[in-house]
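Here the structure is laid out as structure tokens; the discussion comes afterwards.
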Amino acid sequence: MDLKGIVTTPLRVVFSTADAAMSAIEGGVAVTRFAVQNVDSEVSNALHVEAGMSSATPMQLLQRLASLLEPDRPVGIILSRGGPLDRVLKQGGVVDRLTEPGGMLEKLTESGGLLDQVTKDDSPITRLTSEGGPLDRLTRPGGVVDQITESEGVLERLTSEGGVIDKLTAPDGVLEKLMTKDGVLDKLTEKGGVLDKLAAKDGVLDKLTGQDGLIDKLTEPGGIIDRAIADGGIVDQLLGQEGALERAIAPGGTLDAVSQLPDVVAELNEAVALMTAAVNPMSDLVNRLPKRILKGREGREPRRGSSPYDGAGPAGANGAPSDGPELL
């Protein structure tokens, strides 16, 4: 081998190896592109998206985004000047009232406030999560969680073949009907649909976030939320010391009473069975007695021409017969 062959042979080997590697990479890219196209096609078919959207240019995508932000479209109405979002974020609006000094957020996070009451050592949340507490009883062996996840339990019935989830995801099931063309989702998002009406001027969203709207009334000083988180308010009555939640989860409280219902029902069944067993023999005994013993004196007709009290047996002090039945 001459000097030229000695120099060029390694270079040829290197270029051949690089060529093989590039061919393998090109094959991988082609396979990946094919897989991506298939996945894109399947997703587009499932969501009923136009096929041309996948090949849209950046300018076309920007035009579609701009059309969504037009003043007469739901997103445009929400983001427009003076719209719902603007009213929520404006100076003196809902966000300002929530975060202002002495506002609701400060009352929630202040020392001794609602968050402190909820997270202190003897708070309802601590009692709920303590050992032997309601959460512990729910997750203990044989508890509610075990009953849900056990074999042939609620979870298995939901996920079994022909169960609820199967019915939801089956062909012609609920999900498919929701996502079909001109289905529920299409009607919700179409122009003039529910979302359009919600975000329209003087619509529900406008009334909620407008001046003197529901959010204004909820967050105004002395409003419903202020009264709820005030001392002795609804939140205090629910979560405070000896509140409704504490009484419910206390030993011998509502939760314990509910858990004892099966025992009470079993005892009632035993009592009913015992009473039934006692009443049946008495009924049989009464049915076997002669009718003349049970028939009272009032059931007999007096003889013609005689007083009803003549020869009627023992009488009272005024000559009237006694109230006892005739035995013979």
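Counting from 1, one number per residue, gives the positions in the sequence shown under the UniProt record's numbering. By construction, the Cβ of each residue, glycine as well, lies at the ideal position given by its N, Cα and C atoms.
Between LYS191 and GLU106, the alpha-carbon positions lie close to 42 Å from each other.
Classified as buried, ARG87 has 16 or more neighbouring CB atoms from the shown chains inside 10 Å of its CB. In the DSSP annotation of this structure, the continuous segment of the alpha helix (DSSP H) that includes ALA248 starts and ends at 244-249.
Taking a C-beta distance under 8 Å as the contact criterion, LEU98 and THR219 qualify as a contact pair.
For ALA199, the enclosing alpha helix (DSSP H) begins and ends at 194-199. Linking PRO101 to GLN91 through their CA atoms gives a straight-line distance of about 14 Å. Apart from the 5 residues on each side of it in sequence, LEU268 has no Cβ closer than 8 Å to any other Cβ in its chain.
By the criterion of at least three beta-carbon pairs nearer than 8 Å, the region 168-180 is not in contact with the region 55-71. Under the DSSP assignment, GLY76 falls in the alpha helix (DSSP H) whose first and last residues are 74-79. Taking the Cα positions, ASP284 is about 32 Å away from ASP263. The criterion of a C-beta distance shorter than 8 Å is satisfied by ILE249 and GLY133.
For VAL235 against ALA244, the beta-carbon gap comes to about 11 Å, at or over 8 Å, which does not count as contact.
Around GLY83, the same chain offers ILE77 as residues with beta carbons nearer than 7 Å, after the five sequence neighbours per side are excluded. The alpha-carbon of GLN117 is positioned some 42 Å away from that of LYS201.
Here ARG140 carries a coil assignment [DSSP, helix/strand/coil]. SER67: member of the alpha helix (DSSP H) spanning 58-68, first to last residue. Rounded to whole angstroms, ARG127 and THR149 show a C-alpha spacing of 25 Å. With a threshold of 16 other beta carbon atoms within 10 Å, ALA199 meets it and is buried. When secondary structure is reduced to three states using DSSP, SER23 falls in the helix class. In the three-state reduction of the DSSP assignment, GLU220 falls in the coil class, being assigned neither a helical nor a strand state.
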